[in-house]
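I have placed the structure first, in the form of structure tokens, so that the comments after it can refer back to it.
2 protein chains.
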Amino acid sequence: MFDFNLQVTDGNARAGKFTTPHGDILTPIFMPVGTQATVKSLTPRQLEEMDVQILLANTYHLYLRPGPDLIKRFNGLHAFMHWNKPILTDSGGFQVFSLGDLREVDADGVTFRSHLDGSTHRFTPEIAIAIQEKLGADIIMAFDECAHPDDHVYIQKAMERTHTWAERCLKAKKRNDQALFGIVQGGIFPELREQSARFISSMDFPGHAIGGLSVGESKQDMLQTLDVVNRILPPQKPRYLMGVGTIYDLIEGIRRGVDMFDCVLPTRLARHHAAMTYKGRINMANAKFREDHRPIDNACHCYTCQHFSRAYIRHLINTKEMLAATLLSIHNIFTLVDLSQKIREQIINNNFNSFAQEIIKNLNESS
Amino acid sequence: MFDFNLQVTDGNARAGKFTTPHGDILTPIFMPVGTQATVKSLTPRQLEEMDVQILLANTYHLYLRPGPDLIKRFNGLHAFMHWNKPILTDSGGFQVFSLGDLREVDADGVTFRSHLDGSTHRFTPEIAIAIQEKLGADIIMAFDECAHPDDHVYIQKAMERTHTWAERCLKAKKRNDQALFGIVQGGIFPELREQSARFISSMDFPGHAIGGLSVGESKQDMLQTLDVVNRILPPQKPRYLMGVGTIYDLIEGIRRGVDMFDCVLPTRLARHHAAMTYKGRINMANAKFREDHRPIDNACHCYTCQHFSRAYIRHLINTKEMLAATLLSIHNIFTLVDLSQKIREQIINNNFNSFAQEIIKNLNESS
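As they're listed, the protein sequences go chains A and B.
Residues 1 to 367, numbered by my numbering, are exactly what the first sequence covers, in order.
Residues 368 to 734, numbered by my numbering, are exactly what the second sequence covers, in order.
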């Protein structure tokens, strides 16, 4: 039911096909995030029109509202949110650990209080898997601990816990129509990352994720960590870099052998009036766009750039119209989805490096 | 360039075709409102998918932001907002008179302060036409005074002013590719409405609007006023009932010979979580919909009802997701657009009355 076909490699960059119960995913791929079973401000039809292949949804949020049992009674997330292509759910771990003082971790799991009403809840590896089985995504994630990147002692402890929990997740998993990915942790410490990559690789996961990056470490530390981990992860399984989604990071991740990415950045930036482009981010609220007849990006083929001027988008922002977020979300998601498709073509044509160089030279690290 | 073909009548109900530079409008018709050059939360593509034929935009709002000169430099509203079908602009009168203490009316026009920054501005019939010529809609409206419905002395004065201004608007108009509609005023006083309908009918307008209704008067007063006015307005020109848009009002307006309607209600209700249905309004935030697998309306063919459950919409509202407003706006606008199309078919089949009776019996006056 799940098969990863590594079709072409170009240096460390890879073009592949991952088969799931809801269709094939052509990699490298960017996965937009539908936190609460909706990609903010967009309909599923708009996502299909952008050629989005797979969405991510968040277990923590859906656990709180509307609850996994309800979603199960609606035949799972696909039916509930009307998305008939593949879905990936995270384990809830990242959100729970982000709660800070509201959570307490022990060897068995995490007790936390809801950010909504303060009510107390508990996630363990078994519970995280059970919830994800009710949600019914095609790809589900092991329950891991994502710790601060620079505390070696704590990071090691969190990594070891993550390993134990990975084993428990594999054991707890019952459904055969879901692929469970293991997650490599270890902060920015090469020896921990190596250890984690070996441990997770040794288990029977159909895919591997790299967690705990893009959480405050330097760009150099992130990329070096990818080098360390991807040297160890088996090439015949897909590799997913969690929570990462700038143009720069997609290119540098793919260059280092990553196949899958997700990030809230495109929609979050859109709600804050920023457009992602190959020349960096543009603050579309800027008064200098008042009379600008050009689209956000002349070369972009998204619905927004095909039909609307910067002046119109700036007008929508200026008048606080919801359509501003929609048009910018369309542009930003399209940009990353289209980039991953273009890179795939370049990998297949054995031209990744010069293509990547062409893009990177106009970008700074944060774009 | 503008031609109204009264195709079929069924009692006082009428099916017609109004030709404009941006295409034909088949009447009766409901026109969604794009106040600030956007129908809130929807893309033009979504409006086309709903078979929307014509949009309304507001001169007052567009005058303030982004300004008529800017829109003119973008080749008018159609190009600016990417809507290639017909557009109607109001004259700004209704919004200016709604400003209350912020405006002062004299024989020549109105001086008002912007609701945004308090800056002082002035509209006269000539200015209202000049702005609308810059905006470039297919149908533009005479500058009128919409007064409180129950003060006979003031209403008469406002009506007389509206008549003088109508003459000035006709004289001021320069563009031949825009149809200027005259507006009948006169509150809820039959003798004033008769006088106004005769006066406005006597002038050379290609279409007539009925203003000053649905502003606080009783439903009975509104419908009686329509009877009075439509007995006088010439049948060979289209009739537009301004600012009206419930299911009930569309049916009762069409029954009395109205051809065109506009209202912000479908999108405003959507933002306040209400769905318009043939069984009345539904508050979709209600907890009773938590597990409701049904669409808003089983018989509805809109995108929302074809693909999403009440439970999903209620979840989006509950989690404050923007998609809630989008999906409800789609449903509400579709409902009125689809209703006007169905009524048109029934008129053509000489079956309007029994069709209308079937719908009205399940509705209350405010739905």
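All residues carry an ideal CB built from backbone N, CA and C; glycine is no exception.
Neighbour flag for residue i against chain B, beta carbons, 8 Å
| i | result |
| --- | --- |
| residue 66 of chain A | yes |
| residue 318 of chain A | yes |
| residue 323 of chain A | yes |
| residue 40 of chain A | yes |
| residue 289 of chain A | no |
| residue 74 of chain A | yes |
| residue 246 of chain A | no |
| residue 335 of chain A | no |
| residue 326 of chain A | yes |
8 Å Cβ cutoff, residue i in contact with chain A
| i | result |
| --- | --- |
| residue 415 of chain B | no |
| residue 721 of chain B | no |
| residue 412 of chain B | yes |
| residue 619 of chain B | no |
| residue 403 of chain B | yes |
| residue 679 of chain B | yes |
| residue 676 of chain B | yes |
| residue 670 of chain B | yes |
| residue 448 of chain B | yes |
| residue 698 of chain B | no |
| residue 660 of chain B | yes |
| residue 682 of chain B | yes |
Residue i to residue j span [Cα, whole Å]
| i | j | result |
| --- | --- | --- |
| residue 729 of chain B | residue 606 of chain B | 27 Å |
| residue 115 of chain A | residue 481 of chain B | 41 Å |
| residue 260 of chain A | residue 733 of chain B | 52 Å |
| residue 686 of chain B | residue 87 of chain A | 20 Å |
| residue 355 of chain A | residue 85 of chain A | 29 Å |
| residue 48 of chain A | residue 82 of chain A | 11 Å |
| residue 538 of chain B | residue 570 of chain B | 11 Å |
| residue 427 of chain B | residue 513 of chain B | 14 Å |
| residue 707 of chain B | residue 613 of chain B | 11 Å |
| residue 470 of chain B | residue 488 of chain B | 9 Å |
| residue 502 of chain B | residue 99 of chain A | 51 Å |
| residue 69 of chain A | residue 244 of chain A | 30 Å |
Three-state secondary structure assigned by DSSP to residue i
| i | result |
| --- | --- |
| residue 453 of chain B | coil |
| residue 493 of chain B | helix |
| residue 166 of chain A | helix |
| residue 43 of chain A | coil |
| residue 264 of chain A | coil |
| residue 17 of chain A | strand |
| residue 692 of chain B | helix |
| residue 188 of chain A | coil |
| residue 389 of chain B | coil |
| residue 249 of chain A | helix |
| residue 81 of chain A | helix |
| residue 512 of chain B | coil |
| residue 609 of chain B | coil |
| residue 30 of chain A | strand |
| residue 526 of chain B | helix |
| residue 477 of chain B | strand |
| residue 10 of chain A | strand |
Expected contact under 8 Å - CB spacing of residue i and residue j to nearest Å
| i | j | result |
| --- | --- | --- |
| residue 183 of chain A | residue 141 of chain A | 6 Å |
| residue 574 of chain B | residue 556 of chain B | That belief does not hold up - the Cβ atoms of residue 574 of chain B and residue 556 of chain B are roughly 24 Å apart, past 8 Å. |
| residue 155 of chain A | residue 187 of chain A | 4 Å |
Distance CB(residue i)-CB(residue j) smaller than 8 Å
| i | j | result |
| --- | --- | --- |
| residue 241 of chain A | residue 200 of chain A | no |
| residue 151 of chain A | residue 162 of chain A | no |
| residue 638 of chain B | residue 692 of chain B | yes |
| residue 417 of chain B | residue 697 of chain B | yes |
| residue 652 of chain B | residue 660 of chain B | no |
| residue 404 of chain B | residue 373 of chain B | no |
| residue 695 of chain B | residue 642 of chain B | yes |
| residue 719 of chain B | residue 380 of chain B | yes |
| residue 433 of chain B | residue 148 of chain A | no |
| residue 552 of chain B | residue 579 of chain B | yes |
| residue 55 of chain A | residue 76 of chain A | no |
| residue 545 of chain B | residue 500 of chain B | yes |
| residue 262 of chain A | residue 31 of chain A | yes |
| residue 252 of chain A | residue 407 of chain B | no |
| residue 268 of chain A | residue 15 of chain A | no |
Distance cut-off 7 Å: residue i Cβ against heavy atoms of the ligand HEM
| i | result |
| --- | --- |
| residue 697 of chain B | What this structure holds is no ligand at all, so the ligand HEM is not there to describe. |
Minimum Cβ-Cβ distance from residue i to chain E less than 8 Å
| i | result |
| --- | --- |
| residue 70 of chain A | Included in the structure are the protein chains A and B, with no chain E among them. |
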